[in-house]
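Written out as structure tokens, the structure is:
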């Protein structure tokens with residue numbers, strides 16, 4: 014643990030110390046003299062660096078060790094004399110709610126029951142209920158079981174918002190996150206429903222509403238409001254819609270507030286909640302989007318405007334009288350998350366409007382730039398960086414810059430790869446040191462490759478075919494090499510893509526028994542050689558497994574004419590799959606020659622493209638091998 018000694022006054026445990034809402038709670042309660050104990054998965058956290066944090070502690074990952082996480086919170090409550098627990102994220106609410114009877118014996122939990130929470134956090138059920146009740150929702154198609162084919166012809170306007178029913182799903186005893194997606198056409202929509210694992214659960218297809226996001230926030234007891242607040246989103250990250258980075262307080266909109274209270278009362282809600290709407294730019298109709306049944310990211314704005322929700326919730330949790338809940342708040346106060354706003358600006362300049370899926374009427378790049386530098390409004394308050402409590406702001410800047418340097422390094426690495434590849438292509442074109450190159454790559458591989466790991470994104474098209482082909486050819490050539498495949502962004506147990514099965518069969522590879530596998534640390538450690546299809550795969554791999562740098566190679570570098578990438582044929586025509594698999598066969602043949610040793614390589618050196626492949630095509634000459642370092 015870090016910081017001060019235990020206080021004699023009963024304190025509050027705040028989870029998820031790296032959330033901005035946790036910092037807002039810590040500052041609010043700490044400023045009022047309440048001991049605040051901040052927990053996080055990291056030894057240093059955003060809220061934990063605040064001068065208002067009495068003590069910080071590290072708990073086990075709630076994602077991978079949920080039981081240990083709950084046990085740690087109970088032990089900390091016992092040690093530090095904490096009497097109230099504020100779970101700050103959806104996952105924390107779920108895990109603590111599952112153990113509410115046990116946790117509730119140790120601390121007060123001013124949160125809704127799991128039944129209440131799930132009733133409103135389930136967007137599928139909430140949207141269906143709102144439709145029945147006459148509360149405006151965007152034009153919506155319901156997909157209850159992942160079969161989008163039944164409703165795809167009913168989509169009236171593209172792009173369409175693809176919204177999972179729940180933000181969290183429990184799979185094999187572990188919670189996993191979902192995210193909102195966009196489909197630009199029917200082909201794109203079919204691809205998403207085949208590729209994205211969580212769309213096999215209930216989901217929604219919604220027409221995109223152009224307008225500003227507004228929300229009604231409140232503290233409630235048995236569905237009755239004790240305090241209310243409203244704000245309007247001015248900018249978000251990503252720009253298409255997400256986390257608000259600049260927002261302002263507004264008067265409570267009567268119609269929207271009525272809708273919000275109807276939603277809250279339907280669940281007999283207990284605790285804080287945010288009811289989010291999108292106001293149509295043309296009609297002014299507020300469309301219900303979702304309910305967040307815990308503290309929200311922009312909490313600091315409400316506090317700055319005069320509605321101190323953390324303090325009010327603490328009073329409710331400790332059984333005291335609620336003071337200050339009905340007092341009017343300041344309208345026109347703005348709160349800015351500066352680094353999030355910087356991300357918004359960078360995304361607007363780095364990506365096209367189509368890549369960002371921006372709605373019609375979005376500000377231009379120049380307008381965004383002008384707005385970003387209009388930062389001297391006295392009513393705009395910084396959310397994180399505050400001179401009276403500097404450390405959280407400094408910590409956030411450091412946290413922001415570290416991955417930025419990593420991104421710069423990754424892009425530099427990609428440029429190095431491209432430069433090496435350009436050199437290899439030039440050398441190939443003029444017939445330069447082919448023999449020296451082959452001897453070098455052969456020496457790098459020879460006598461040390463026992464396990465080859467083949468990767469692509471989903472493990473449903475390219476990597477299973479490449480692994481199947483390599484496995485078949487290694488058996489023919491009596492090479493004692495184990496071949497395995499996995500996906501970098503997939504879910505386990507899915508079959509190969511149907512068209513991949515069909516085209517693979519024509520090539521003599523049976524993918525019917527194949528089931529997807531998720532990349533793991535054990536697989537990386539056991540592999541002597543890792544093959545990837547695209548440069549982006551190296552970035553995805555190295556982010557989670559930096560130790561893979563010394564043994565990762567782009568498969569295309571073994572083809573006859575060195576290729577940077579072998580593109581994904583997913584969602585394409587049979588011809589696209591045939592072209593992709595022809596490139597994979599060519600590259601695999603090049604690798605197999607090198608795995609066989611110098612005798613075959615020397616023989617190949619006598620001819621520029623000697624030999625034939627398994628199907629009678631010319632065997633590829635050796636291409637340049639790139640070690641990712």
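In our numbering, the protein residues as written are 14 to 642. Beta carbons: idealized from backbone N, C-alpha and C, even for Gly. Here the structure is a predicted model, which is why all the values come from computation and not from measurement.
The closest CA to that of residue 37, considering only 591, 395, 599 and 505, is found on 395. Of the candidates 410, 306 and 39, 410 places its Cα closest to the Cα of residue 351. In this structure, DSSP gives residue 477 a helical state, which the three-state scheme calls helix. Residue 469 is positioned such that its CB atom lies no closer than 8 Å to that of residue 582. In this structure, residue 232 sits away from residue 147, with a CB-CB distance that is not shorter than 8 Å. The straight-line gap separating the alpha-carbon atoms of residue 138 and residue 130 is approximately 12 Å.
Fewer than three Cβ pairs drawn from the region 223-243 and the region 199-208 lie within less than 8 Å of each other, which leaves the two stretches out of contact.
By the Cβ-count criterion, residue 200 is exposed, with fewer than 16 other Cβ atoms from all chains shown falling within 10 Å of its own Cβ. The distance from the Cβ of residue 495 to that of residue 464 is about 5 Å, consistent with a contact at the 8 Å cut-off.
For residue 269, the enclosing alpha helix (DSSP H) starts and ends at 267-279. Around the beta carbon of residue 258, 16 or more other beta carbons sit within 10 angstroms, so the residue counts as buried. In the DSSP assignment, residue 357 falls within the unbroken alpha helix (DSSP H) covering 351-363. With respect to the 8 Å criterion, residue 236 and residue 282 are classified as neighbours on the basis of their beta carbons. Counting along the chain, no beta strand (DSSP E) covers residue 323; the unbroken alpha helix (DSSP H) around it starts and ends at 322-330.
A distance of 8 Å or more separates the beta carbons of residue 461 and residue 609.
The beta carbon of residue 224 lies closer than 7 Å to those of 291, 292, 293 and 294 in the same chain, with the five residues before and after it left out. Straight-line spacing of the CA atoms in residue 111 and residue 347 works out to 37 Å. Only buried fits residue 174, as 16 or more other CB atoms lie within 10 angstroms of its CB. Around residue 165, the same chain offers 199, 202 and 203 as residues with beta carbons nearer than 8 Å, after the five sequence neighbours per side are excluded. For residue 79, the enclosing alpha helix (DSSP H) stretches over residues 79-93. The alpha-carbon separation between residue 157 and residue 336 amounts to approximately 45 Å.
With the rule of 3 Cβ pairs closer than 8 Å, the region 304-323 counts as touching the region 272-286. DSSP, read as helix, strand or coil, puts residue 45 in coil.
Taken through DSSP and simplified to helix, strand or coil, residue 583 comes out as coil. If you look at residue 302, you'll find it in the beta strand (DSSP E) that goes 299-305. For a cut-off of 8 Å, the C-beta gap from residue 579 to residue 593 is around 6 Å, short enough to register as a contact. In the structure shown, residue 210 falls within a helical segment according to DSSP collapsed to helix, strand and coil. Using a C-beta cut-off of 8 Å, the region 545-554 makes no contact with the region 520-529, since fewer than three inter-stretch Cβ pairs fall below that distance. Between residue 214 and residue 34, the C-beta spacing is not below 8 Å.
The C-beta separation of residue 96 from residue 149 comes to about 42 Å, leaving the pair out of contact by the 8 Å criterion. Bounds of any beta strand (DSSP E) do not take in residue 122, whose DSSP letter is neither H nor E.
Within the DSSP bridge table, the entry for residue 402 names 399 as partners. Put simply, the backbone Cα of residue 71 is about 27 Å away from that of residue 325. DSSP lists no beta-bridge partner residue for residue 546. Between residue 402 and residue 65, the gap from beta carbon to beta carbon is short of 8 Å. For residue 101, there is no enclosing beta strand (DSSP E), as DSSP gives it neither H nor E.
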